[in-house]
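Protein chains: 2
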Amino acid sequence: MAVGLLPPHDLLPVAGVRLAVTEAGIRYAGRRDLTLIAADEGTQVAGVFTRNRFSAAPVVVAQRHLSSGTPIRALVINTGNANAGTGAAGLQAAEDACRVVAVALDCPPESVLPFSTGVIGEPVDLAGKISAALPALKIHLDENHWEIAAAAIMTTDTIPKACSRQIDLDGQKVTVTGMAKGSGMIRPDMATMLAYMATDAPLQGEALQQCLQDAMAQSFNRITVDGDTSTNDACILIATGKIAAEPISRVEDSRYAPLCSVITEVAQFLAQAIVRDGEGASKFIPIQIAGGRNEEECLQVAYRMAHSPLIKTAFFASDPNWGRLLAAIGSAGVDDLEVDKVQVSLGETRIVRDGARDPDYTEAAGQAVMAEAEIPVRVDLGRGLASATIWTCDLSYDYVRINADYRS
Amino acid sequence: MAVGLLPPHDLLPVAGVRLAVTEAGIRYAGRRDLTLIAADEGTQVAGVFTRNRFSAAPVVVAQRHLSSGTPIRALVINTGNANAGTGAAGLQAAEDACRVVAVALDCPPESVLPFSTGVIGEPVDLAGKISAALPALKIHLDENHWEIAAAAIMTTDTIPKACSRQIDLDGQKVTVTGMAKGSGMIRPDMATMLAYMATDAPLQGEALQQCLQDAMAQSFNRITVDGDTSTNDACILIATGKIAAEPISRVEDSRYAPLCSVITEVAQFLAQAIVRDGEGASKFIPIQIAGGRNEEECLQVAYRMAHSPLIKTAFFASDPNWGRLLAAIGSAGVDDLEVDKVQVSLGETRIVRDGARDPDYTEAAGQAVMAEAEIPVRVDLGRGLASATIWTCDLSYDYVRINADYRS
Chain A
1 MAVGLLPPHD LLPVAGVRLA VTEAGIRYAG RRDLTLIAAD EGTQVAGVFT
51 RNRFSAAPVV VAQRHLSSGT PIRALVINTG NANAGTGAAG LQAAEDACRV
101 VAVALDCPPE SVLPFSTGVI GEPVDLAGKI SAALPALKIH LDENHWEIAA
151 AAIMTTDTIP KACSRQIDLD GQKVTVTGMA KGSGMIRPDM ATMLAYMATD
201 APLQGEALQQ CLQDAMAQSF NRITVDGDTS TNDACILIAT GKIAAEPISR
251 VEDSRYAPLC SVITEVAQFL AQAIVRDGEG ASKFIPIQIA GGRNEEECLQ
301 VAYRMAHSPL IKTAFFASDP NWGRLLAAIG SAGVDDLEVD KVQVSLGETR
351 IVRDGARDPD YTEAAGQAVM AEAEIPVRVD LGRGLASATI WTCDLSYDYV
401 RINADYRS
Chain B
1 MAVGLLPPHD LLPVAGVRLA VTEAGIRYAG RRDLTLIAAD EGTQVAGVFT
51 RNRFSAAPVV VAQRHLSSGT PIRALVINTG NANAGTGAAG LQAAEDACRV
101 VAVALDCPPE SVLPFSTGVI GEPVDLAGKI SAALPALKIH LDENHWEIAA
151 AAIMTTDTIP KACSRQIDLD GQKVTVTGMA KGSGMIRPDM ATMLAYMATD
201 APLQGEALQQ CLQDAMAQSF NRITVDGDTS TNDACILIAT GKIAAEPISR
251 VEDSRYAPLC SVITEVAQFL AQAIVRDGEG ASKFIPIQIA GGRNEEECLQ
301 VAYRMAHSPL IKTAFFASDP NWGRLLAAIG SAGVDDLEVD KVQVSLGETR
351 IVRDGARDPD YTEAAGQAVM AEAEIPVRVD LGRGLASATI WTCDLSYDYV
401 RINADYRS
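Pasting the structure below:
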């Protein structure tokens, strides 16, 4: 029951990127749990990974392979097992997985990036299962398989998340297509989240890495479902350079800004889709904090609100309990906040004026806006010109149900 | 349904402290919602209050009266309305409340401390209601009313919280009795919590204030239910000095340490009682982090775990999902943590050894310990000699229900 999110539609192929999915029986039988993405020669790939100290084995291996400088030719993604907290055996399993894919695709093991999502801490024979599944995967590789791949990488997601955008770059049509999974253990600085974006633009080197970081800063690093950070998060940007154009290798290139802007747009769509499909989410809540002295304190207040179980349950209950909003703002660590300068609105309804209930506010107006499925929260701290926006969701019975039942 | 917590029993009066409760109809009819505590002449009082920038009007007024140096003679506590987010009118209401109590008890208004708990942001005519209730309150003032007072200050609490302890101090029997309320919006640095402790010991001046702070640091500032900080928190220590002994005004006094230790014991009982009765709590979870470089990083890891909705729901489900524990430890911001030195136990069952699943661990053993109502979590970070313990509870359907329904 994702909030205001339709299944993927009108996905566009990206020249040079082919995808295939299959049932490998990694945890459950009869479920597409393995995805292979193959990239043509000449492709460049950038990645950003979880900062969790207990990063999973595939994260360690993917980072090692990316930094080896070997051109990346394939990504292999399994659900059902996160291969995290699995020690040396897990690292070996991730390396073995890359090796069997490399043999099948005739490339070095360092050309393969592994990704895993699912239960943490269970041993797994990835290579064996992948090896058995590879013949079927290879046959089905196709540029038009983004939609089934977006479905195959899901775990507790209720809906696949993917979108495409196109822009004209000096008369050339450039395509960006992306997909992502994740709905729990979501917080900034990477979430339980796997995201893959691809473009046929000739984005290269530092410009490629910078573009991914710029896009992340305005998308996946601005969302939170439950404040938890996963061991397995990864976001990958693939640039095949298939369109006939000069390489874009510097951010000063006049084509960089418009291209990065459209890639950011795809990243934002995917990041917001993750929140809209947050575990148990029934409301989608953009929180905009303005009037701060700097972006950092705006984010501090925004996350304090977004991580407050009391605020999240009030949104679930459609209860305009603005006292909880004030309590969160007041405890966000902005020590010299002048509370009588604070304004708070829900949607177009101002509820707090100069630090206290707006005299014009009525409970009926508050309840009307809280009944909506999307409730923008706007706070003005009244102390500066900085602002920041993050996206979150409510906390419902279903969040508890999903996470209390997940392993059973 | 508090976890392992019985109703108060064997409460001892504290000479010089009398209490009374009544129905003042502040929010609901037919409910004891007003408590008066009167202290004899010669009493000294210390207080610690919320750090929330949106601190409630009674907090502002109580701090002002305490710092005026006027001897405190009365505390007046209402439930049903927090008198927070109420602006200048709220401040006036809190001052007025003190004034009517002062008139009735024949003392200056600065001798009265006001406390409010309940819904935030609703206007309230406290003075009118208190004024009407004062004759009944005055008649019923009694040293043996701790138990009914502990019940009258409750909001979403399911059980009154109070206890007594005695020690011998140089052959004199000293009594400490305390009561507290609070079960949601609970986090360190003060919770949605009101706590009142009293002793007949002649604790004075700086020693009194220091003792309250020492006790707080090991009790109310080591608990969390939901990470939310209230606008109204207060913890008060009353020392009547009724026993015949020389004043204890310096921490160097040989009687200070044993006395403060027993006061800390009362504070810990009350703080843990609040967690045991945490909103929707079905498990009581002490989290001990050892092997840290300093106490600060131990607390950082402990709170990261205690605030993880994924961990809290796993405890609710009695699911030994230790991957979630590792994920929280790994994202607690201890950047140079060596994960292969980390050990984790639940109760007496070691689940993580050297950063990965203990080879001897079995799911059956994990499930057995998770089935208990009290589940001590022990983590060794393997990098130093510091340690810290906090107390928290699980996150259940009932937490969502209570907080989604609270105002309706």
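Quick mapping for you: the protein sequence lines, in order, are chains A and B.
Heads up: the first sequence at position 300 corresponds to 300 in my numbering, and the numbers run straight through without jumps.
Heads up: the second sequence at position 384 corresponds to 384 in my numbering, and the numbers run straight through without jumps.
For glycine and all other residues, C-beta sits at the position ideal for the given N, C-alpha and C.
Asked, Found
"Could you please tell me which residues of the stretch 389-400 of chain A, in chain order, have their CB closer than 8 Å to any CB of chain B?", "L395, S396, Y397, Y399, V400"
"Under a Cβ-count criterion, where at least 16 other Cβ atoms within 10 Å of its own Cβ denotes burial, should L6(A) be classed as buried or exposed?", "exposed"
"Quick check on R383(B) - is its C-beta less than 9 Å from some C-beta in chain A?", "no"
"If you draw a straight line from the C-alpha of I130(A) to the C-alpha of Y256(A), how long is it?", "38 Å"
"Report buried or exposed for P135(A), applying the criterion of at least 16 other Cβ atoms within 10 angstroms of its Cβ.", "exposed"
"Does any CB atom of chain B fall closer than 9 Å to the CB of N294(A)?", "no"
"Under 9 Å between C-beta atoms, does P309(A) make it to chain B?", "yes"
"Would you kindly report the start and end of the unbroken alpha helix (DSSP H) that includes R304(A)?", "295-306"
"On a CA-only basis, which of V334(B), V352(B), A306(B) is nearest L326(B)? Give me that one, please.", "V352(B)"
"Could you tell me which chain A residues have their CB closer than 9 Å to the CB of R357(B), listed as they occur along the chain?", "G85, T86, G87, G121, E122, P123"
"Under 8 Å Cβ to Cβ from I390(B), same chain only, skipping five residues before and after it: list those, please.", "P188, R222, I223, T224, P286, I287, L299, A302, Y303, A306"
"If we ignore side chains and look at the alpha-carbon of each, how far apart do T43(A) and V112(A) end up?", "13 Å"
"Residues of chain A with CB closer than 8 Å to the CB of L337(B), please, in chain order.", "R53"
"Rounded to whole angstroms, what is the Cα-Cα separation between G291(B) and A388(B)?", "10 Å"
"What is the C-beta distance between D169(A) and A201(A), in whole angstroms, given that I count them as a contact (C-beta under 8 Å)?", "Sequence check: residue 169(A) is Leu here, not Asp. About 7 Å separates the two Cβ atoms, so the contact holds."
"Does E295(A) pass the burial test, meaning 16 or more other C-beta atoms within 10 Å, or should it be called exposed?", "exposed"
"Between the alpha carbons of F115(A) and N78(A), how many angstroms are there, rounded?", "6 Å"
"In chain B, what lies closer than 8 Å to N403(A) by C-beta?", "P309, L310, T313, A314, A317"
"For R250(B), count neighbouring C-beta atoms within 10 Å of its own C-beta (all shown protein chains included) and say buried if the count is 16 or more, exposed if not.", "exposed"
"Within the same chain, show all residues whose beta-carbon is closer than 8 Å to that of A132(A), passing over the 5 residues directly before and after it, in chain order.", "A24"
"Who are the Cβ neighbours of Y399(B) in its own chain at under 6 Å, not counting the five residues just before and after it?", "E279, G280"
"Using only the alpha-carbon positions, how far apart do E348(B) and T86(A) sit?", "22 Å"
"Roughly how many whole angstroms lie between the Cα atoms of A93(A) and A84(A)?", "11 Å"
"Under the three-state reduction of DSSP, which class applies to G87(A): helix, strand or coil?", "helix"
"So what does DSSP say about P109(B), is it helix, strand or coil?", "helix"
"Please state if the CB of A62(B) and the CB of F49(B) are separated by a distance shorter than 9 Å.", "yes"
"Starting from A234(B), follow its DSSP beta bridges and name the residues at the other end.", "F49(B), L194(B)"
"State the DSSP-derived secondary structure class of P258(A), mapped to helix, strand or coil.", "helix"
"At a Cβ cut of 7 Å, what residues of the stretch 263-287 of chain A count as close to chain B, listed as they run along the chain?", "none"
"Select from C393(B), D106(B), L194(B) the residue whose C-alpha is nearest the C-alpha of T313(B).", "C393(B)"
"So with CB distances below 7 Å, who are the chain A contacts of W146(B)?", "Residues of chain A passing the Cβ test: none, with the nearest at roughly 29 Å."
"Excluding sequence positions up to five away, which residues of its chain have a Cβ less than 7 Å from the Cβ of G16(A)?", "A39, D40, T43, D200, T240, K242"
"What residues from chain B crowd round T70(A), counting only those whose CB sits closer than 9 Å?", "Here the premise fails: no neighbours, minimum Cβ distance about 27 Å."
"Could you give the distance in angstroms between the alpha-carbon of A198(B) and the alpha-carbon of T264(B)?", "12 Å"
"Among the residues of its own chain, which have a CB less than 7 Å from the CB of A56(A), if the five just before and after it don't count?", "A82, N83, A84, S116, T231, N232"
"Considering only their Cβ atoms, is the gap separating N403(B) from L310(A) smaller than 9 Å?", "yes"
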